[in-house]
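As structure tokens, the structure follows; a few thoughts come after it.
2 protein chains.
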Amino acid sequence: MQDPTFLILLALSDRPRHGYGILLEAKELSGGTIRIGPGTLYGALERLEEAGHIELDREEIEDGRPRRYYRLTRRGRGVLVEETQRRDALVGLAKQRLAHR
Amino acid sequence: MQDPTFLILLALSDRPRHGYGILLEAKELSGGTIRIGPGTLYGALERLEEAGHIELDREEIEDGRPRRYYRLTRRGRGVLVEETQRRDALVGLAKQRLAHR
DNA sequence: TTCGATATATCGTTGACCGATATATCTCGC
DNA sequence: GCGAGATATATCGGTCAACGATATATCGAA
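Residue numbers (the numbering used here), protein chains in the order written: chain H, 1 to 101; chain X, 1001 to 1101.
So this is what it looks like as structure tokens:
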């Protein structure tokens, strides 16, 4: 799993969000350093839904503009936790290695 | 930068290694969980050399088999350190986020 | 009325990654 | 002496996530 997908799952970890909201949250989360474009987002959303990691929470029409909210599935949360542990282990390894000099 | 490339740089962080040695070190480092295939390795080596992140250290012929040793450049080490910090920040964020529940 | 933000969607391209395959030599066990 | 597996480098083609560009539509602010 690459960074954009990881960030999308992470953005959904506290509550359901719609696509654009995920974009904003990912930007906010990363302190503005990571930006996900729409081309990345909607493709990833489709893949994640097909994989059963996220699902449609609800669909709203607000001010004539549709908003499609997604939420993490239980499985999606599990995947996110595992991925976080995997990444944590790798980073820990790197820090340990780079400290020896 | 994706995991395989990150691991290759990390494997070279303590001393020069030849291609196959990088494969073994990456496997060792990750506790056997991450495996880099030759198709990934040699392509990545070429890219990293072109980017100036690694360079040829020496070439040996041992037992009739060639061994091509690569080493991190100063720039490559810098990139590795930055990438580690970037990954660390992201993982820290994820852990913090997942702890709230 | 023009711009930027909000909101979703598609399209084509790129490029890292990956499995498979190839070649060649050495060592170990039988 | 022979085969298997480890050592070592290399290429090739396919896949797929990511990405930039573009499109559509609405709203509020300047």
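C-beta: ideal position from N, C-alpha, C; glycine also.
Handout entry: Helix, strand or coil at X/Ile1036 [DSSP, three-state]
Key = coil
Exercise for the section: Write down the C-beta distance between H/Leu9 and H/Leu56 rounded to the nearest angstrom, noting that I regard them as a contact closer than 8 Å. Expected result: H/Leu9 to H/Leu56, Cβ: 15 Å. No contact.
Practice task
In the DSSP assignment, find the unbroken alpha helix (DSSP H) run with X/Ala1004 in it and report its ends.
Solution key: Here residue 1004 of chain X turns out to be Pro, not Ala, going by the sequence shown. 1003–1011 is the span of the alpha helix (DSSP H), which, as asked, contains X/Pro1004.
Problem - Closer than 8 Å to chain H by CB, X/Thr1084 - result: yes
Practice task
Would you kindly report the start and end of the unbroken alpha helix (DSSP H) that includes H/Arg87?
Solution key: 74–99
Practice task
Quick one: list the residues of chain X neighbouring H/Ala94, beta-carbon separation under 7 Å, in chain order.
Solution key: Leu1010, Thr1084
Practice task
Determine the chain H residues that contact X/Val1081 at a beta-carbon separation under 7 Å, and present them in chain order.
Solution key: Leu98
Practice task
Measure the alpha-carbon distance for X/Glu1025 versus H/Gln2 and round it to whole angstroms.
Solution key: 23 Å
Handout entry: Contact set between the region 1013–1032 of chain X and chain H, restricted to residues whose Cβ is under 9 Å from the partner
Key = Ser1013, Asp1014, Leu1029, Ser1030, Gly1031
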